[in-house]
Amino acid sequence: MSELRTKDEHTEAIRRDRRVAVVVNTRSRRGRRHYFEVIEQIHNLGFEPLAELSVYNTKKLRDLLDTALATDPDLLIVGGGDGTLSTAVRHVAHRDVALGVLPLGTTNNFARSLGLPLDLAGAIRVFATGKVADIDLGMADDRPFANLASFGVSVEVAGKVKPWLKRIVGRPAYPLTALTILPNHRAFRAYITVEGQRHELLTHQLNIANGRFHGGWQVARDISIDNGMLVAYQLGSGKKLRLLGETLLRATTGRWRSLAGGPFVVGREMLLETDPPMAADVDGEVRLRTPIRLRVVPNGVRVMVPAAFEDR
């Protein structure tokens with residue numbers, strides 16, 4: 001781990017020296033269409049990027065992030081969806097470089113959690129007017145994640161949602177795909193152990209969030225990506241209609257409860273066991289299976305955020 005400057009020193013260095021590198025996933029929902037516009041607007045703010053890299057083959061994303069970081073930028077600007085940004089988070093975690101986020105995906109959960117403008121001009125302006133903050137990093141076993149680990153219907157949805165549907169309808173592509181999967185999906189039992197207390201539930205969908213948003217909608221009114229806590233919650237119950245009804249209610253009304261009064265399990269570390277054992281979708285990648293130990297690393301990642309962001 002490199003020695004870190006103070007956040008104020010880091011912010012000042014970005015504004016003074018303008019040492020940035022840019023990586024844009026042009027396979028993302030808006031990446032290809034806006035790549036040259038992004039580069040032009042970054043130049044218009046007075047930045048002269050040390051590297052300007054576009055990614056079409058996502059298998060090369062990690063290598064290109066390493067190439068960009070090798071230029072020793074103070075700010076690594078990354079454009080793409082939540083999967084791209086989660087990969088970038090793993091690259092900059094615990095390093096003396098801040099991540100600048102360009103929301104070019106479908107749901108942009110990570111950008112929403114940081115309070116970033118979702119329009120490109122507004123997001124890019126943050127690089128010149130914002131500040132460096134440090135936010136929490138989630139860990140699923142030894143795998144870092146920025147936003148969410150999920151279990152159940154959403155894991156199947158992630159593997160089956162069509163890219164063309166995401167491009168056409170945006171966020172509703174996920175619940176629409178879930179409708180085709182839910183009739184044949186079996187409920188499972190989950191056991192969450194936090195601080196010695198074991199919680200048991202029967203459900204079709206369980207999420208454990210580090211970030212504030214899932215599917216583009218806020219998990220709870222008072223959740224934060226910078227409070228040192230993970231939040232576990234189920235959608236619906238073991239009844240399929242209950243899951244469908246609650247998902248539609250939240251998606252259409254935005255009614256999210258407070259952590260103090262909602263059906264949430266909150267803690268710094270959680271052991272999740274399921275019956276039967278299940279695959280985990282960790283920020284869009286399905287590589288782990290239960291049982292899984294999840295924990296939060298406070299202030300594990302530096303990011304560029306609006307000046308009004310509450311940095312704890």
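One point on numbering: in full-length UniProt numbering, the residue at position 96 of the sequence shown is 96, and numbering is uninterrupted.
Ideal Cβ positions, reconstructed from N, Cα and C, are used throughout, including at glycine.
These numbers come from a predicted model, not from an experiment.
Item, Value
"Collapsed DSSP secondary structure at residue 6 in the structure displayed", "coil"
"Boundaries (first-last residue) of the beta strand (DSSP E) holding residue 272", "269-275"
"Host beta strand (DSSP E) of residue 21 (start-end)", "20-25"
"Beta strand (DSSP E) runs wholly inside the stretch 24-65, at least 3 long, in chain order", "51-55"
"Reference residue 23, options 6, 75 and 126, closest by Cα", "75"
"Backbone secondary structure at residue 285 - three-state DSSP", "strand"
"Closest Cα partner of residue 147 within the set 188, 216 and 198", "216"
"Any 3 or more C-beta pairs closer than 8 Å across the stretch 132-139 and the stretch 291-304", "yes"
"Same chain only: Cβ atoms within 6 Å of residue 264, ignoring 5 sequence neighbours per side", "231 and 233"
"Identified DSSP bridge partners for residue 143", "140"
"Collapsed DSSP secondary structure at residue 122 in the structure displayed", "helix"
"Alpha carbon of residue 47 to alpha carbon of residue 18, nearest angstrom", "5 Å"
"Which residues DSSP lists as bridging residue 103, in chain order", "80"
"Burial state of residue 105, where buried means 16 or more other Cβ atoms lie within 10 Å", "buried"
"Top-ranked residue by Cα proximity to residue 107, from 5, 82, 278 and 116", "82"
"Backbone secondary structure at residue 294 - three-state DSSP", "strand"
"Residue from 53, 221 and 42 whose Cα sits closest to the Cα of residue 32", "53"
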